[in-house]
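Numbering (our numbering), first residue to last: 1301 to 1446. We put the CB at the ideal spot given by N, CA and C, even for glycine. The structure under discussion appears below in the form of structure tokens.
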Amino acid sequence: MAPAPATFAKLTNRNYQQWRLDMEARLRTLAALRIVNGTESRPSFTEPLDGAERRDLRDFDNRHDLAAGEIWSCVEREQQTHLEAIRDDPVAMWAKLEAVHMQKRPGTRFNTYNALLSLSKAEDESLSTLSTRASQLKSDMKALRP
């Protein structure tokens, strides 16, 4: 059975920190986060395989494919360009997205500081939403420290 569609925003060039938290939670519910983190690898058995071993391999392969599909479907089209060559490997996809979005360079940090310092309340925005955006930018700045 296919999982329900994600209820959080897809990854864009501005929401990596929050997307990662949401995506980790989603992958946990699908029992695929350990695969994506690289802490669980494909079981290796010697031939001939018995029924339980075949079941374990099939389960791992299904969760592996599910993780790759979930990551792919939870990123915007412009972000999918980073993943096209590795779309069958959720471990590589996860690492690539982190490498792209968490570049600890002065330009990236400057953009985050600029976004925080130019933060202002939109006319139809609540104070709690503004506070959440400010907290997110603060979290981004901490994550981008060298």
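Opposite residue i in the DSSP bridges: which residues?
{"i": "Leu1311", "result": "Val1375"}
Tell me the rounded alpha-carbon separation between residue i and residue j.
{"i": "Glu1423", "j": "Arg1354", "result": "58 Å"}
{"i": "Thr1307", "j": "Gln1317", "result": "16 Å"}
{"i": "Glu1425", "j": "Ser1431", "result": "10 Å"}
{"i": "Arg1433", "j": "Leu1444", "result": "17 Å"}
{"i": "Pro1390", "j": "Glu1347", "result": "27 Å"}
{"i": "Glu1324", "j": "Phe1360", "result": "18 Å"}
{"i": "Ser1428", "j": "Lys1442", "result": "21 Å"}
{"i": "Asn1337", "j": "Asn1414", "result": "32 Å"}
{"i": "Leu1417", "j": "Pro1406", "result": "16 Å"}
{"i": "Lys1421", "j": "Ser1435", "result": "14 Å"}
{"i": "Lys1438", "j": "Ala1352", "result": "48 Å"}
{"i": "Val1400", "j": "Asp1350", "result": "42 Å"}
{"i": "Thr1408", "j": "Asp1365", "result": "32 Å"}
{"i": "Glu1398", "j": "Thr1339", "result": "17 Å"}
{"i": "Phe1345", "j": "Asp1322", "result": "34 Å"}
Looking at the secondary structure, which residues open and close the alpha helix (DSSP H) in which residue i lies?
{"i": "Ala1422", "result": "Unbroken run through Ala1422: none, as it is neither H nor E."}
{"i": "Pro1390", "result": "1390-1401"}
{"i": "Ala1385", "result": "From DSSP, Ala1385 is part of no alpha helix (DSSP H); its letter is neither H nor E."}
{"i": "Ala1434", "result": "1427-1443"}
{"i": "Glu1324", "result": "1316-1329"}
{"i": "Leu1333", "result": "1333-1337"}
Using 8 Å for Cβ pairs, my map puts residue i next to residue j. What's the rounded Cβ distance?
{"i": "Arg1326", "j": "Glu1370", "result": "6 Å"}
{"i": "Thr1412", "j": "Asp1388", "result": "Their Cβ separation, rounded to whole angstroms, is 32 Å, which puts Thr1412 and Asp1388 out of contact at 8 Å."}
{"i": "Gln1379", "j": "Thr1312", "result": "7 Å"}
{"i": "Ala1309", "j": "Trp1319", "result": "7 Å"}
{"i": "Ile1335", "j": "Ala1367", "result": "5 Å"}
{"i": "Arg1363", "j": "Ala1395", "result": "Between Ala1395 and Arg1363 the Cβ distance is about 18 Å, and since that is not below 8 Å, they are no contact."}
{"i": "Trp1372", "j": "Leu1383", "result": "6 Å"}
Please tell me whether residue i has its Cβ less than 8 Å away from any Cβ of chain D.
{"i": "Tyr1316", "result": "In summary, chain D is missing from the structure at hand, where a single protein chain is found."}
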